[in-house]
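Here's the structure, in structure tokens; my notes come after.
There are 2 protein chains.
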Amino acid sequence: MKVIVAGTVAIDDVKTPKVERTGLMGGSAAYAAMSCSFFAKTRIVGIIGKDFPKEHITTLENSGICTEGIERSEGDSFYWSGEYHENMDDRTTHDVAINVLEAYEPKLPESYSDTELILLANMSPRNQLDVLNQCSSAKYSIADTMDIWINHERDELIELLGKIDLLVINESEAQLFMETRNLVSAGKKLMSLGPKNVIIKTGEHGSMLFGKNENEFFRLGAYPLEEVEDPTGAGDCFVGGIAGFIASQNQKSPSFNDLKSAIARGTVMASFNCESFSVEGLSSLDSNKISERLNQLLSYTQI
Amino acid sequence: MKVIVAGTVAIDDVKTPKVERTGLMGGSAAYAAMSCSFFAKTRIVGIIGKDFPKEHITTLENSGICTEGIERSEGDSFYWSGEYHENMDDRTTHDVAINVLEAYEPKLPESYSDTELILLANMSPRNQLDVLNQCSSAKYSIADTMDIWINHERDELIELLGKIDLLVINESEAQLFMETRNLVSAGKKLMSLGPKNVIIKTGEHGSMLFGKNENEFFRLGAYPLEEVEDPTGAGDCFVGGIAGFIASQNQKSPSFNDLKSAIARGTVMASFNCESFSVEGLSSLDSNKISERLNQLLSYTQI
């Protein structure tokens, strides 16, 4: 299956206790598309400004990603600047400039019309619905989201949940959205809003998968990393790996077992991402390294 | 193998958002011994005061636990009173009275002298060392600990780590003790203090196991519970299940794979414990329910 990854494409400045880097490629779609591209033919949808470095587009294209769906606008690119603290878990956002995203209305190129799997990486639910509505060929759809949309575009997010197959959301956002601290309970409540499956990401602890059937529950720990260089985009790489793996299976609808296997791939991709800044960890990857780490992850989690 | 479980035996008052209960049996040894007793012949070591309800001793004995190692003192029993808040994770300790524990010097009954596995449930490292030194027949030893001992009996705790086979410690305590937020790093540092294996408990997320070999790492998610009645003692039941399972295998030294299987049993026992107050969830258990939940846990975590 061919995959559309729609979301943000950004310029990031990232500071960690050890290093400070500026002008990095960031954004949910950039990370997710890079990760997805290792498993399936990937097409990106997003918007950039006139200041967006050409080499970042080259990075995407060198990974085989079709960038025709990236709109070039006269404004400035979406910009984020943040700092990770000692524990590499808490972060402070120093600056966010929406810029070109403000008036963005996603348009899918004609050439994307045979896409069968659609990944709506984190962006406004309004934009996610726009993309979904333009993609009548899609057989399977996945969406990610974040706290800002839960707080400010709740109705659109709920509308979206009624139309997608798989929701991927992180722990604190699931708790905020469903107003419960208990993640099992939050997952079940999210399921009742429409998706066929829900995945709650629990950061360094891994993730949980929920299904319609009472017995359909699965959890997998994250790949253990002693050093985390830059966790930005880990969640996007996780969902990108999931989308790519599902697409690579070429089935109309993934089974619960397919989703378990997809989560293992997403987990591996997220771990590589955390070992380098921006998408650099993914740029230097190959399928051998992915298989090797996948086997390692299985030995670390399977009895 | 026969198991000694040494630790505290307490009277607990527990308040949750829904219920308040007083005069419950608590203490690390009570919980751990109850859990262990489903897998192996279990002998408890601890001290109680004149106020300790007889029915609690009956509860232990009804589970087949030998209580000869419980010293009856003229003082008052160790007492803890605490409250769990809405999320059932944060708790406030309202009152702790050390009472009979203050001057406690554990003495193992003669009849315990053929014990081969020793579980040093949470109590002072000084007492844990005392018990260990009296048990020359022990072929395998496990210890749990907590923040108070890391802060106040650090030297004794480090001495203990040099003498045991397996350390079981929770997430925040491992971070405090090893002065690092990263759990993989904390686990490796704890290993360097002497134990053959280290398990870090990560609460609702499960646990991680470390071994001497670089590839010896394992993590397993907790059993998913939508409702938690009373999490007191979950960590003790976890380690009790581990000790019991290892003892039931009758090997001189458990392999890394044996420890993985032991963790699955501990995880199941901890989940049953969380579903009821005090040791009540364990009192009504049987081996069929344990096997059934073990299979469920495996389906929830294995690909």
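As they're listed, the protein sequences go chains A and B. For the first sequence, position 287 matches number 286 in numbering that gives the first Met the number 0, and the numbering has no gaps at all. For the second sequence, position 202 matches number 201 in numbering that gives the first Met the number 0, and the numbering has no gaps at all. Glycine included, C-beta positions come from ideal geometry on N, C-alpha and C.
In terms of CA proximity to residue 183 of chain B, B:207 leads the group B:136, B:207 and B:248. When CB distances to chain B are screened at a threshold of 9 Å, the residues of the segment 207-233 of chain A falling below it are 207, 214, 216, 217, 218, 219, 220, 221, 223, 224, 225, 226 and 227, in chain order. Residue 87 of chain A belongs to the set of residues whose beta carbon lies under 9 Å from a beta carbon in chain B. Using a Cβ-Cβ cut-off of 9 Å, residue 291 of chain B does not count as an interface residue toward chain A, since no Cβ of chain A sits closer than that to its own. Assignment of residue 78 of chain B by DSSP, reduced to helix, strand and coil, places it in the strand class. Secondary structure remark: continuous beta strand (DSSP E) runs of at least 3 residues inside the segment 139-170 of chain A, in chain order: 139-143 and 165-169. Ranked by how close their Cα comes to the Cα of residue 211 of chain B, the residues B:219, B:196 and B:224 have B:196 in first place.
The continuous stretches of alpha helix (DSSP H) do not include residue 224 of chain B, and DSSP gives it neither H nor E.
Cβ neighbours of residue 148 of chain B within its own chain (closer than 7 Å, five residues either side excluded): 123, 124 and 156. Bounds of the beta strand (DSSP E) holding residue 5 of chain B are 2-5.
With a beta-carbon spacing of about 14 Å, residue 204 of chain A and residue 186 of chain A fall beyond the 8 Å limit used to define contacts. With 16 or more other CB atoms across the displayed protein chains lying within 10 angstroms of its CB, residue 194 of chain A is buried.
Remark: three or more beta-carbon pairs, one from each stretch, lie closer than 8 Å, so the segment 17-37 of chain B and the segment 225-237 of chain B are flagged as touching. In the DSSP assignment, residue 229 of chain B is bridged to no other residue. DSSP places residue 65 of chain B inside the beta strand (DSSP E), whose first and last residues are 65-71.
A direct Cα-Cα distance of roughly 8 Å separates residue 284 of chain A from residue 271 of chain A. Per DSSP, reduced to three states, the secondary structure at residue 180 of chain B is coil, with no helix or strand assignment. The C-beta separation of residue 253 of chain B from residue 262 of chain B comes to about 11 Å, leaving the pair out of contact by the 8 Å criterion.
For residue 92 of chain B, the enclosing beta strand (DSSP E) has its first and last residue at 90-96. In the assembly as shown, residue 152 of chain A is a buried residue. Its beta-carbon has 16 or more other beta-carbons within 10 Å. Assigned with DSSP and collapsed to three states, residue 258 of chain B falls in helix. In this structure the segment 71-83 of chain A touches the segment 6-16 of chain A; the number of beta carbon pairs closer than 8 Å is three or more. Of A:281, A:200, A:228 and A:162, the smallest CA-CA separation from residue 172 of chain A is found for A:200. When B:19, B:162 and B:224 are compared, the shortest CA-CA separation from residue 84 of chain B is found for B:19. Setting aside the 5 residues that flank it on each side, residue 40 of chain A is surrounded in the same chain by 1, each with a C-beta closer than 6 Å to its C-beta; the list follows chain order. Short of 7 Å from the beta carbon of residue 255 of chain A, and not among the five residues preceding or following it, lie these beta carbons of its own chain, in chain order: 210 and 215.
Residue 101 of chain B and residue 264 of chain A have their C-alpha atoms spaced approximately 53 Å apart. Excluding residues up to 5 positions away in sequence, 4, 41, 43, 59, 64 and 239 lie with their Cβ nearer than 7 Å to the Cβ of residue 32 of chain A in the same chain.
Taking residue 105 of chain A as the centre and dropping the five residues before and after it, the same chain places the C-beta of 5, 44, 126, 129 and 130 closer than 7 Å to its C-beta, in chain order.
Minimum Cα-Cα distance from residue 132 of chain A among the listed residues A:288, A:150 and A:119 corresponds to A:119. A direct Cα-to-Cα measurement between residue 247 of chain A and residue 266 of chain A gives close to 17 Å. Within chain B, no residue has its beta carbon less than 7 Å from that of residue 83 of chain A; the closest one is some 11 Å off. The beta strand (DSSP E) runs of length 3 or more contained entirely in the segment 6-66 of chain A are, from start to end of the chain, 9-14, 19-25 and 41-47.
Here residue 13 of chain A is not near residue 217 of chain A, since their CB atoms are 9 Å or more apart. In this structure, residue 35 of chain A places its C-beta atom within 9 Å of the C-beta atom of residue 243 of chain A.
A direct Cα-to-Cα measurement between residue 144 of chain A and residue 198 of chain A gives close to 12 Å.
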